[in-house]
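Peer 1:
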Amino acid sequence: MDNGHGYEEFELLEDGSLGECSTQVANATFLTISKLICLVVAFKFIKHIPISTTVRVYVHVFASTFTVMWFSRNHLQSAIIYNMFSLISLALAIKQFSGYIILAGNISLLIALQNFCRHYRSEDYFLSIRGILMIHIMRLTTVAFNLEKANSNKFRFVQFSSYVEYIYFPPFIIFGPYLSFEQFFKMRDKKWTGSENELGFIIQSLLAIFNAITLAIISSCHFEFFEPSSQFMEDALTAMSFRFSHYFVCLSTQAFVLMLGSDVVVANPLNIEFSRSTLQTVSEWNKPFHTFLHENIFKRRLFNSTACNVFFTFAVSSLLHGLDFQMTITLLALGFIAYSETVFRKRLSARYSMCVAAKACPVRSNSLSCKHRHSNKTGRALIINLFFLMLSMYHLVFTGMTFTDDYSAIGYPFDHAWKIWGSHYYSSFMISFLFLALSKII
Amino acid sequence: MIPRRSCWLILLLNLLNVQSLLDASWWSTVAQLSTALAGHNVKPVCELPGLSPGQAQVCELFKDHMPAVSIGAQNAIQECQRQFTGHRWNCSTHYSTGMLGPIHKMATREAAFTYAILSAGVTHEIGRRCKQGLLTSCGCSDETKPKNVPTDWSWGGCGDNVEYGYKFSRDFIDIREKEHDPKRNHDNGRSLMNRRNNEAGRKILKRHRKPKCKCHGVSGACNMKTCWMQLPSMEQVGKILRNKYDKAIRVQINDRGNLQLLADEATKERKTRALPTDLVFMDDSPDYCRFDRHSGTLGTEGRVCKRGSGGAEGCDSLCCGRGYNTYTQEVKSKCNCKFEWCCKVVCQTCNNVTQVDICK
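Residue numbers (this note's numbering), protein chains in the order written: chain P, 6 to 447; chain B, -16 to 343.
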């Protein structure tokens, strides 16, 4: 008798056959980038088409609104929120309100929206739209500061349409990058330079996109390639995953600006991975973001004290994320680490006349080396700089390992960062305090 | 503690019953495959006595899979022991036979749990190694199927790695239950039960795959997510199966030779249909209190228990009312470590006295 004959076969509930992690991530990222590339190509041609200013403004506004709807989960809601920020800011700007007031108003609106989402248990929706609103607020603030300088008597529709076109530029809405006013209009007014040059830009863009997707795959699927053998390695992989996700966004947007004819640099991953100092890491992390903070916040010198202006800059940088404790404390940590390292290295450089400051020594035109006795090429300075390079790598791990995947879509708990930093005994902070102490001694 | 004279008697009796033990302990054979591999430093030996003829054939055909099967089985046994730590039945090995893994002579709940978690463990490990590209016939292999492989077998193709692990586990493990092995009696009911529980373990693994996502966006935002399916860990599988174990369903063989649900005596409610992931059993469990050669139970004598605890690990429950003996145990450890200049660390040796309660 066949024993298998009597076995009661249960129906197999087949899940859909799923590809592996790398395949799925590659498909997902390419699909998203493809949509954005369509926008880039469309607006590359639109900017060369001779259409009237009024029509151009309407095209930009409607295309931007549909872009926000296209990439968001709650379509109408996102469109309303996006345009609400614009209308309020433009109205205030035209009425000659200060750029600071408009920035504060936008941040208040952002925090109000966050609290609203929190109240209705939709924190994941806020996080999905926060990136779009952050860049939007940056552009609105830039317009506000520009309008401060404008003479109200000479305000015309042409100038207003320029601001609207700058704010409502579809290719840069979802992932950015932020471009300053001058950078944007330099890009917009760039003439067609011939097929050879355009082909070169396209090849550079495709290369950047390829690198971006590769980094996105490594960011999501690193467990397929490498299994951590220790807790430190796992933390390092988490931090690497967070950084590579950031590089994916930066390189994608870099490709977009290249296609559109701009030479703005968004971020160079190599300059961050092998950074001379944490100060360089902070400024290289997102150059357009750094440009916005430096030109619109820091250089305007709201306060007399440099320390107050630095703190204010970090405060604005933090509040552009809404009330995000994790981001706030990470930015403050980075600020503290960068500050203590800069102070210590400046002291070290002056005391021993070595080229080991946080910023590379400027090379004077009349000589091949800097003013210090021990230049970059001497062994002693090289060893010290190498030590600080390794330290910067560790700081990257320390500040990035708190961005684990489990809470990234819904917001991190209050004590998440402290618990993870505690497992490393707050070592980056200890090193920073040590540097501050040593800078007083030597 | 069993007197020394009884050990010889037990050993002798075990030799007489080695034929029946082999059938119940074939998982021990599977778990030993990597031991054979490590010991001889050659390909796994496919002539181990616990393998059925069909399994030996699969072993020869898929030699590179056998370390994964072995490790999967070992992981499953570890998880089983973790789930039942402190219980009377704790998935432990029969100490006198030197075999690895539990032995089940009766068709109990514990047997159901064991078969399910072992099947899940093998599926899990095969799937994991598939993903890492460590198995030759996984992935997009263009190799044609050998002729001596039965036609209804699944041949590795371009399927999902979990799907591959699922199919391989089904073919390798269930083939034993379908064969007419002259070494064993024709227990159709037990065979059907084993196949059912094996399938339950595999299905639980498949059904509890969850999407795992990573956020991408501007400055830590979540504009975009990339997601992929992820297997549950063996801990999660053990937890789920433990739940299924508590709610296992009693079945019997009907006239047509199929498994049939029995009315639940406790609630008098008759289930019309069992879920595909439910565990099934046919025999009542013994109390696992005494060593019993016939039922294959080890007993709780000599087990460490917790005095005053009301749970399963408590002395009253674990020792089955026989009481316990308290022993003092000296544990030496380093303490009061100090740094001596320069440059070494000097520690004192402390003797910590703890009490251990052991069932009579």
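We put the CB at the ideal spot given by N, CA and C, even for glycine.
Distance, Cα to Cα, Phe206 (chain P) vs His227 (chain P)?
Peer 2: Working through the first sequence from its first residue, we reach residue 206 (chain P) at position 201. Working through the first sequence from its first residue, we reach residue 227 (chain P) at position 222. Each residue's Cα considered, the two are about 31 Å apart.
Peer 1: If we call anything under 8 Å between Cβ atoms a contact, is Cys342 (chain B) one with Gly285 (chain B)?
Peer 2: On the second sequence, residue 342 (chain B) is found 359 positions in, with the first residue counted as 1. On the second sequence, residue 285 (chain B) is found 302 positions in, with the first residue counted as 1. Yes; because the gap between Cβ atoms is below 8 Å, this pair is in contact.
Peer 1: Does the beta-carbon of Glu182 (chain B) have 16 or more other beta-carbons within 10 angstroms, so that it is buried, or is it exposed?
Peer 2: By one-based count along the second sequence, residue 182 (chain B) stands at place 199. It counts as buried.
Peer 1: Cα separation between Val329 (chain B) and Glu323 (chain B)?
Peer 2: Position 346 of the second sequence, counted from the first residue, corresponds to residue 329 (chain B). Position 340 of the second sequence, counted from the first residue, corresponds to residue 323 (chain B). Spanning the two alpha carbons is a distance of roughly 7 Å.
Peer 1: Name, please, each residue of chain B whose Cβ falls closer than 9 Å to the Cβ of His326 (chain P).
Peer 2: Residue 326 (chain P) sits at position 321 when you count from the first residue of the first sequence. Neighbours of His326 (chain P) on chain B, chain order: Ser202, Gly203, Ala204.
Peer 1: From the beta carbon of Asn120 (chain P), is the nearest beta carbon of chain B less than 8 Å away?
Peer 2: Locating residue 120 (chain P) in the first sequence gives position 115, counting from the first residue. No - not a single Cβ of chain B is within 8 Å of the one on Asn120 (chain P).
Peer 1: Using a threshold of 8 Å, state whether the C-beta atoms of Gly172 (chain B) and Gly148 (chain B) are closer than that.
Peer 2: Numbered from 1 along the second sequence, position 189 holds the residue referred to as residue 172 (chain B). Numbered from 1 along the second sequence, position 165 holds the residue referred to as residue 148 (chain B). Contact flag unset, no.
Peer 1: Helix, strand or coil for Val329 (chain B) per DSSP?
Peer 2: In the second sequence, residue 329 (chain B) corresponds to position 346, counting from 1. Strand, per DSSP.
Peer 1: With Thr28 (chain P) as the anchor, note down where its alpha helix (DSSP H) starts and where it stops.
Peer 2: Position 23 of the first sequence, counting from 1, holds the residue named residue 28 (chain P). Note, Thr28 (chain P): alpha helix (DSSP H), 26 to 51.
Peer 1: Please check the pair Leu214 (chain B) and Leu188 (chain B), which I expect to be a contact at CB under 8 Å, by giving their CB distance rounded to whole angstroms.
Peer 2: What you label residue 214 (chain B) is simply residue 231 of the second sequence in a count that begins at 1. What you label residue 188 (chain B) is simply residue 205 of the second sequence in a count that begins at 1. Confirmed, about 7 Å.
Peer 1: Since Lys195 (chain P) and Gly266 (chain P) are thought to touch, with beta carbons under 8 Å apart, how far apart are those beta carbons, to the nearest angstrom?
Peer 2: Indexing the first sequence from 1 puts residue 195 (chain P) at position 190. Indexing the first sequence from 1 puts residue 266 (chain P) at position 261. Going by Cβ atoms, the distance from Lys195 (chain P) to Gly266 (chain P) rounds to 4 Å, so yes, they are a contact pair.
Peer 1: Should Ile222 (chain P) and Ser413 (chain P) be called a contact, given that it needs their Cβ atoms to be closer than 8 Å?
Peer 2: Here residue 222 (chain P) corresponds to residue number 217 of the first sequence, with the count starting at 1. Here residue 413 (chain P) corresponds to residue number 408 of the first sequence, with the count starting at 1. No, the pair does not count as a contact, with Cβ atoms beyond the cut-off.
Peer 1: So, does the CB of Gln29 (chain P) fall closer than 8 Å to a CB anywhere in chain B?
Peer 2: On the first sequence, position 24 is the one that residue 29 (chain P) refers to. At least one chain B Cβ lies under 8 Å of Gln29 (chain P).
Peer 1: If you measure from the beta carbon of Asn273 (chain P) to each beta carbon in chain B, is any gap under 8 Å?
Peer 2: Here residue 273 (chain P) is taken as the residue at index 268 of the first sequence, counted from 1. Output row for Asn273 (chain P): interface = no.
Peer 1: Taking all protein chains shown into account, do 16 or more other C-beta atoms lie within 10 angstroms of the C-beta of Thr283 (chain P), making it buried, or fewer, making it exposed?
Peer 2: To locate residue 283 (chain P), count along the first sequence from 1; it is residue 278. So Thr283 (chain P) ends up on the buried side.
Peer 1: Please identify the residue among P:Leu242, P:Phe231, P:Leu263, P:Ser224 whose C-alpha is closest to the C-alpha of Ser250 (chain P).
Peer 2: Looking up residue 250 (chain P) in the first sequence gives position 245. Checked all of P:Leu242, P:Phe231, P:Leu263, P:Ser224; the closest Cα to Ser250 (chain P) is P:Ser224.
Peer 1: Report, in whole angstroms, the separation of the C-beta atoms of Phe440 (chain P) and Ser345 (chain P), which I expect to be a contact under 8 Å.
Peer 2: Stepping through the first sequence from its first residue, residue 440 (chain P) is reached at position 435. Stepping through the first sequence from its first residue, residue 345 (chain P) is reached at position 340. Indeed they touch by this definition, with Cβ atoms about 5 Å apart.
Peer 1: Please work out which residues of its chain come closer than 6 Å, Cβ to Cβ, to Gln66 (chain B), disregarding the five sequence neighbours upstream and downstream, and give them in chain order.
Peer 2: The residue given as residue 66 (chain B) occupies position 83 in the second sequence. Around Gln66 (chain B): Gly221, Arg225.
Peer 1: Can you find a C-beta in chain B that's less than 8 Å from the C-beta of Val348 (chain P)?
Peer 2: The count along the first sequence starts at 1 and reaches residue 348 (chain P) at position 343. With 8 Å as the cut-off, Val348 (chain P) does not count as an interface residue toward chain B.
Peer 1: I'd like the ranges of any alpha helix (DSSP H) spanning at least 4 consecutive residues and lying wholly in the stretch 167 to 192 of chain P.
Peer 2: Segments of the alpha helix (DSSP H) lying fully in the stretch 167 to 192 of chain P: there are none.
Peer 1: With C-beta atoms as the reference, is Tyr125 (chain P) less than 8 Å away from Arg78 (chain P)?
Peer 2: Stepping through the first sequence from its first residue, residue 125 (chain P) is reached at position 120. Stepping through the first sequence from its first residue, residue 78 (chain P) is reached at position 73. Contact: no.
Peer 1: Are Tyr105 (chain P) and His141 (chain P) closer than 8 Å when you measure CB to CB?
Peer 2: Translated into positions along the first sequence, residue 105 (chain P) becomes position 100. Translated into positions along the first sequence, residue 141 (chain P) becomes position 136. Result no, Cβ atoms of Tyr105 (chain P) and His141 (chain P) do not sit closer than 8 Å.
Peer 1: Three or more C-beta pairs under 8 Å: does that hold for the stretch 47 to 65 of chain P against the stretch 137 to 151 of chain P?
Peer 2: With the cut-off at 8 Å, the stretch 47 to 65 of chain P and the stretch 137 to 151 of chain P do not touch.
Peer 1: What does the alpha-carbon distance come out to for the pair Asp157 (chain B) and Tyr98 (chain B)?
Peer 2: The residue labelled residue 157 (chain B) in the question sits at position 174 within the second sequence. The residue labelled residue 98 (chain B) in the question sits at position 115 within the second sequence. Approximately 11 Å, taken between the alpha carbons.
Peer 1: Please name the residue in P:Ala47, P:Ser83, P:Thr59 whose C-alpha comes closest to that of Val169 (chain P).
Peer 2: The residue given as residue 169 (chain P) occupies position 164 in the first sequence. When each option's Cα is compared against that of Val169 (chain P), the closest is P:Thr59.
Peer 1: If you measure from the beta carbon of Met245 (chain P) to each beta carbon in chain B, is any gap under 8 Å?
Peer 2: By 1-based counting over the first sequence, the position of residue 245 (chain P) is 240. So, not an interface residue.
Peer 1: Spatial neighbours of Asn334 (chain B) within its chain, please: CB distance less than 8 Å, with the 5 preceding and 5 following residues excluded, ordered by chain position.
Peer 2: Residue mapping note: residue 334 (chain B) aligns to position 351 of the second sequence, counting from 1. Once the five neighbours on either side are set aside, the close Cβ partners of Asn334 (chain B) are Glu313, Val314, Lys315.
Peer 1: Taking 8 Å as the limit between beta carbons, can you name the residues of its chain near Asp135 (chain B), skipping five residues before and five after?
Peer 2: To locate residue 135 (chain B), count along the second sequence from 1; it is residue 152. In this predicted model, Asp135 (chain B) has a pLDDT of only 36, less than 50, meaning its place in the structure is not dependable; the value taken from the coordinates is given anyway. No residues qualify anywhere along the chain.
Peer 1: Pick from B:Phe264, B:Thr260, B:Cys74, B:Lys195: whose alpha carbon is nearest that of Gly242 (chain B)?
Peer 2: Here residue 242 (chain B) refers to the residue found at position 259 of the second sequence. Position check: residue 242 (chain B) holds Leu in this sequence, whereas Gly was assumed. Selected option, being the one with the closest Cα: B:Phe264.
Peer 1: Between Ala98 (chain P) and Ile112 (chain P), is the Cβ-Cβ spacing less than 8 Å?
Peer 2: Within the first sequence, the letter at position 93 stands for residue 98 (chain P). Within the first sequence, the letter at position 107 stands for residue 112 (chain P). No, the Cβ-Cβ distance between Ala98 (chain P) and Ile112 (chain P) is not below 8 Å.
Peer 1: Could you check where the beta strand (DSSP E) with His199 (chain B) kicks off and where it finishes?
Peer 2: Sequence index remark: in the second sequence, residue 199 (chain B) carries index 216 (1-based). Taken as a continuous stretch (DSSP letters only), the beta strand (DSSP E) holding His199 (chain B) covers 193 to 199.
Peer 1: Chain B partners of Phe180 (chain P), CB-CB under 7 Å?
Peer 2: Here residue 180 (chain P) refers to the residue found at position 175 of the first sequence. Neighbours of Phe180 (chain P) on chain B, chain order: Val201, Asn206.
Peer 1: Please work out which residues of its chain come closer than 8 Å, Cβ to Cβ, to Phe174 (chain P), disregarding the five sequence neighbours upstream and downstream, and give them in chain order.
Peer 2: For the purposes of this step, residue 174 (chain P) is taken as residue 169 along the first sequence, with counting starting at 1. Excluding positions up to five away in sequence, the list reads Phe48, His65, Ser69, Phe189.
Peer 1: Below 8 Å on the Cβ atoms is my guess for His199 (chain B) versus Phe253 (chain P); work out the distance and round it to an integer in Å.
Peer 2: Taking the first residue of the second sequence as position 1, residue 199 (chain B) is located at position 216. Taking the first residue of the first sequence as position 1, residue 253 (chain P) is located at position 248. Yes, His199 (chain B) and Phe253 (chain P) are in contact; Cβ-Cβ is about 6 Å, under 8 Å.
Peer 1: Identify the continuous beta strand (DSSP E) that holds Lys315 (chain B) and give its terminal residues.
Peer 2: What you label residue 315 (chain B) is simply residue 332 of the second sequence in a count that begins at 1. 307 to 323 is the extent of the beta strand (DSSP E) around Lys315 (chain B).
Peer 1: Expressed to the nearest angstrom, what Euclidean distance is found between the alpha-carbon atoms of Cys320 (chain B) and Gln331 (chain B)?
Peer 2: Indexing the second sequence from 1 puts residue 320 (chain B) at position 337. Indexing the second sequence from 1 puts residue 331 (chain B) at position 348. When rounded, the distance between both Cα atoms is 7 Å.
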